[in-house]
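The opening residue of the sequence shown carries number 1 in UniProt numbering; numbering runs sequentially from there. C-beta atoms are modelled at their ideal positions from N, C-alpha and C, and glycine is treated no differently.
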Amino acid sequence: MTVGDTFKLFILRHGQSELNSENIFCGWIDAKLTEKGKSQARHSAKLIKQYSDTNNITLPQIGYTSRLVRTEQTMDVLLEELELGHHNRIITTDTDISEELHDIGLRGQIPVFQTWRLNERHYGSWQGQRKPKVLKEYGKEKYMYIRRDYDGKPPKVDLNLEMVQEENDQGSSTGYDFKEPNRRLKYVSEEIANELLPESESLCEVVTRLRPFLNDAILSIARKNHQESCVIVGHGSSVRSLLKILEGVSDKDIKDVDIPNGIPLVIELDRRNFKFVRKFYLDPESAKVNAQMVRDEGFEKNS
Ligand SMILES: O=C(O)[C@H](O)COP(=O)(O)O
C-alpha cells in the first residue's frame, strides 16, 4: 500500500500547559500554553510540513480541537506555522457537521471544529491538585489505576465548590486560577443542545463520548470529501481514546499507553474501508522519552 492509498490523521496532544508545567491535574480547567508549549506546537508544524513535502501530501485542510484553550492555542500556532492562512473556528455540538462544513467551505477558509467530545477526561475532584500530593494520599496502585486503567475513575467534582476561588487557596506559583470555568458561561452551546457534561470520567467514558464524533464527523467528512488528511489537537485521554478506537487497542493494553505533549502522531487508515493500517510518531525518539516522563508524573518527589 502506498502513502497515497491512506487517509492520514495527524494527531497531537496540546503543547505543555501552565498546569502541566506545575504537575497539577488539569482535566477541564482551562489552562493556557506555556512558552515551551507554543514552541512544541511550532516544532510539530515543521515535522508535519517536512513529512508532507517528502511524501508529496497536501497539508491538512481541516482541523479539530477540544473546547479547551490549550488545544485552540496549539492549533493556532500550528496552522500559522504551516502558512495555511486564516481559519474559521466553529463550536459544534453536532456529530453530523456536513452542513456547517458546507457553509464554511464556501468562504474558502480552513475550518477548525471545536467539540467538548475531544476534551481531556474530566478529572473530577483531582482537578487542580498536585500530582505528588494525590499519589501520597491514594498510594501508587490506586493512583495509577485511576490515571491509566480503562475503568479507573476519580471521585466526582463538586462543581459548586470548584466554581468559586477559595480565599485560602494557595494557587500555583504562576498565579493561575485553578477553577474550572463556569459551565453556564463557557459551555453555552452545549447547554442549549442539552449535552450531559461529566463531573468525572474514566477513559471508557471518554471513548463513549468521542466515538460518535470520530465516526460521524471526522471519518464521514473524510470519506465524503475524499480528503487526504486532517489534523486533530486533543489531550492525553482523548488521544488515547482515538488510538483505542482506531487501532483497536484492548482494554487491558491501553493502560500502558502514554501520550507525549506536542509531538505529532500519524495514524494511517486504508482509504477504501477506513481500517487501521499503521501509526508512527514524526519524532519517535522524543515521543518515547516524553511519554515516559508523562507516565512518571507525580513520582518525582515521592519515589
Ligand atoms: O489533565 C491532566 O492533568 C493531564 O493532561 C493528564 O494527566 P495524566 O497524564 O495524569 O492522566
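| Query | Result |
| --- | --- |
| Chain-order list of residues whose beta-carbon lies under 7 Å from that of R211 (same chain, five-residue window excluded) | I245 |
| Pairwise C-alpha distance: T2 and D216 | 26 Å |
| Backbone secondary structure at L82 - three-state DSSP | coil |
| N56 versus C230 - alpha carbon distance | 15 Å |
| Per DSSP, cross-strand counterpart(s) of F113 | Y64, I90 |
| For ligand 1, residues whose Cβ lies under 5 Å from any non-hydrogen atom | F25, C26, G27, E120, R147, G236 |
| Neighbourhood of V249 by C-beta, 7 Å cutoff - its chain only, sequence neighbours within 5 removed | L243, V257 |
| Top-ranked residue by Cα proximity to G15, from K279, I62, N160, M75 | M75 |
| Contacting residues, own chain, Cβ-Cβ under 7 Å from D149 (five flanking each side not counted) | K255 |
| 8 Å Cβ shell around S39 - same chain, five flanking residues per side excluded | G15 |
| Distance between S200 and E190 (C-alpha atoms, nearest Å) | 17 Å |
| Residue nearest to Q50 in terms of C-alpha spacing, selected from R121, V206, E81 | E81 |
| At least three beta-carbon pairs within less than 8 Å, the segment 91-103 to the segment 114-123 | yes |
| Beta-carbon contacts of M207 that lie in its chain and below 7 Å, excluding the five residues immediately before and after | According to the sequence provided, residue 207 is Val. The question's Met does not apply to it. These residues qualify, in order along the chain: S241, K244, I245. |
| Meets three-Cβ-pair contact criterion under 8 Å: the segment 17-27 and the segment 282-290 | no |
| Neighbourhood of K131 by C-beta, 6 Å cutoff - its chain only, sequence neighbours within 5 removed | N23, E297, G298 |
| Reduced DSSP secondary structure (H/G/I, E/B, other) of S200 | coil |
| CA-to-CA distance, G262 to L47, given in whole angstroms | 11 Å |
| Candidates G4, F10, D5: closest to K279 by CA position | F10 |
| Continuous beta strand (DSSP E) stretch holding T54: start and end | Looking at the DSSP string, T54 is not in any beta strand (DSSP E); the run it does join, the alpha helix (DSSP H), is 35-54. |
| Within 7 Å, strictly: CB atoms of Y123 and F25 | yes |
| Neighbour-count burial assignment, G128, 16 or more Cβ in a 10 Å radius | buried |
| Contact under 7 Å by Cβ, D236 with R13 | A quick correction: the sequence has Gly, not Asp, at residue 236. For G236 and R13, yes; Cβs fall inside 7 Å. |
| Assumed close pair A291, P264 - CB separation to whole angstroms, cut-off 8 Å | Not a contact, Cβ separation roughly 14 Å. |
| Coil, strand or helix - T174 by DSSP | Its pLDDT being 46, under 50, T174 is placed unreliably by the model, and nothing is read from it. |
| For K279, the residue or residues it bridges with in DSSP | I267 |
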